Amino acid sequence: MQKKNFNLLIIIILAFLYYAAAEFRTQLIMYTGIVSSIVFPSEGIALAFAIHFGKRVWPGIFIGQFFIAYTNNMDITTSLLISTINSLEAIIAVELFKRFKLNEKLLEFRDIVILSLLIIFVLQPFSAISSNLVLLFFGHISTSEVFSSTFWWWFGNIMGQFLFTPLLLTFFNYYHKIDIKDFLLHSLLFSLYTFILLYFFHISSSLLLLTLTLPILLYIVYTRETLYILFIIVVITYIFSYFMTNGIGPFVYPNGDVNIIDYNLYFLILILTTLTTKIIFEDQKKQEKRLEEMVNIAIEKNKEQQLLMLQQSRLAQMGEMIAMIAHQWRQPLNNLSLLHQLITSKYYKNKLDDSMMEYFKNNANIHITLMSETIDDFKNFFKPEEKKEYFEINSLILHILNIIQPGLNKEGIKIIFLSKNTYKCIGYKNSLGHAILNIINNAKDALQEKDIENKKIIIEINEREDDIIISISDNAGGIDEAIKEKIFDPYFSTKEEKNGTGLGLYMTRMIIVEHMDSKIEVYNNHEGAVFNIILKGELCEKVT
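The sequence shown lines up with residues 601 to 1144 when you count with this note's numbering.
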């Protein structure tokens, strides 16, 4: 029941708009007659309603056209036949629209082109030829008038559908997105601009008028919805019609006759140019959106890959750390073993007194505490960080050296730390620690491969202008110039025989550049490689 009531309401609205639009046009241009070369809006309204609501709206077209014909001195039979033809035209339009699978939102260039071709070569030829044959048969036009009457019927109806069909289809689909105040303001301002051009500046050239109006319309196309521009164009058609009626404007000859061809072509250029431009802009926006989505997907994949690489790098570091823990625990475990043997021996000899137990307890606690501290050091070093914090660079480096010193001593590598001042920075402390450790391990591996006396790694903290430089150098002879540009690439390693992951320096660079928002550089000096971690001065300050 509700659906039937809705359909009836749509039919009544269409019949009213169909008739009222034609009458308004007639009153505006002071023309009587059913055939007119001026834009016939009723045809555009009918086509839009039929495409959007379907074939069921044909009675509204029939009723509206009947009253137009009948009130223009047509007999009932002629009026009924012309109304039938126009109703059939709408039904044909709906079927063809579906057959060609067009989108009523007119989102693609294909939709506009095919709809335009259907209007020009199918719908209006059918309507114009059929209706004028009816007019000829019933004596409303003569044989000599058939061609011109058919042409102007065809031309006026085409312009009506070109102007009003896109306007209403856009309104039906996008009315809820329109800011009414903004919509009315733009329409009013452009209408006022057009009025000023015609009334005060007496623009008499259609080309000049097109030059003065089209760029502004294209700007509105780019910044606003299609409905804005279509409504504005429809409004100015009525403004121009008013001025033509009063003998003013570029479409009026000096003798007062109207240049209807230029008038219609002017609006045809406006409507086709603006619709095509809008589709190009929308397509560009879609391309940009797709590109943005592709970039975001690539970024997410890159982040996932970086996280995987970071995890692999940390696992590799943990393997090295476990070896260091084992090395550092070896001596305390050996001492605990000796204490165990001692207390067992004293027990079997009945010499286990209070003083011996106290000695065992104190010494055992020393070694157990040392082992526990070693575990804490490594655990804190690998603890994930969620937010930035203030930390002292000097303390961080000393902490790293405390962890790796035994392993370096075992390899006969001397490590030297030089800093005249103490510096404090904000950032991810452990991440920076991992980066420094990666560089030290890289230097250690290079030194292990070379038969060098007095192997050494030097860590220095200096200032360069406003920045803080952490410099890590070795005396392993430097990096081969052929590969120096590749050492920060992922999975690039010169240590395949040692199961190198090729991630250490890549992760180091990622940590410095992305996590610490700073820089890293590498070069060779006279002894070996030098890695400089350049921390921005705005992130750091000198404490002492």
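Glycine included, each C-beta is placed from N, C-alpha and C at the ideal position.
Note that this is a predicted model, so its numbers are computed, not measured.
query	result
Alpha-carbon spacing of Ile1026 relative to Asn1042, whole angstroms	26 angstroms
Arg1064 classed as buried or exposed, judged by whether at least 16 other C-beta atoms fall within 10 angstroms	exposed
C-alpha gap between Ile1120 and Ile1068, whole angstroms	12 angstroms
Reference Asn994, options Leu1018, Phe751, Asn934, closest by Cα	Leu1018
Residue interval of the beta strand (DSSP E) (run including Leu1135)	1129-1135
Nearest-angstrom Cα separation, counted from Leu707 out to Lys777	16 angstroms
Gly1012, buried or exposed, once every other Cβ within 10 Å from all chains shown has been counted against 16	exposed
Beta-bridge partners of Phe991, as assigned by DSSP	Cys1025
The region 683-700 in contact with the region 647-663 per 3-pair CB rule at 8 angstroms	yes
contact_flag[the region 858-867, the region 898-907] where n(CB pairs < 8 angstroms) is 3 or more	no
Segment contact, 8 angstroms Cβ cut-off, at least three pairs: the region 766-783 with the region 803-823	no
CA-to-CA distance, Ile871 to Ile803, given in whole angstroms	21 angstroms
Segment limits, beta strand (DSSP E) that includes Leu723	Note, Leu723: premise wrong, no beta strand (DSSP E); not H, not E.
Cβ-Cβ separation, Thr750 to Leu830 (assumed contact under 8 angstroms), whole Å	Contact doesn't hold; Cβ gap of about 28 angstroms is too wide.
Selection from Val1130, Ile638, Lys1050 that minimises the alpha carbon distance to Val834	Ile638
Span separating the alpha-carbon of Ala646 from that of Val895	45 angstroms
Contact check, Glu992 vs Tyr1023, beta carbons under 8 angstroms	yes
Length-filtered (4 minimum) alpha helix (DSSP H) runs lying within the region 631-712	641-653, 658-670, 676-699
Assigned secondary structure, Asp1207 (DSSP; H/G/I helix, E/B strand, else coil)	Because the chain in this structure spans residues 601 to 1144, residue 1207 falls outside the shown range and cannot be described.
Proximity below 8 angstroms, CB of Ile714 to CB of Leu723	no
Within 8 angstroms, strictly: CB atoms of Thr813 and Thr794	yes
Burial state of Gln761, where buried means 16 or more other Cβ atoms lie within 10 Å	buried
Residue span of the beta strand (DSSP E) that contains Ile1120, given as start and end	1119-1124
Spatial distance of Ile966 from Lys946 (CA atoms)	21 angstroms
Backbone secondary structure at Asp1074 - three-state DSSP	strand
Extent of the continuous alpha helix (DSSP H) to which Ser748 belongs	746-774
Limits of the alpha helix (DSSP H) - the one that Leu809 falls within	806-823
Residues that DSSP places opposite Ser1019 in a beta bridge	Ile1061
Among Phe709, Ile1003, Ile1087, Ile741, nearest to Ile880 - alpha-carbon criterion	Phe709
Straight-line gap, Phe783 to Ile720 (C-alpha atoms, nearest Å)	31 angstroms
Inter-residue spacing [alpha-carbon to alpha-carbon] between Leu735 and Ile796	42 angstroms
Among Trp658, Leu942, Phe640, Leu789, the one whose alpha carbon lies nearest that of Ile612	Trp658
Distance CB(Ile566)-CB(Ile1016) smaller than 8 angstroms	In the structure as shown, the chain begins at 601 and stops at 1144. Residue 566 is therefore absent and cannot be evaluated.
Within 8 angstroms, strictly: CB atoms of Leu818 and Ala648	no
Through-space distance from Glu1060 to Ser937, alpha-carbon basis	40 angstroms
Buried versus exposed, by CB contacts within 10 Å (16 or more), Phe764	buried
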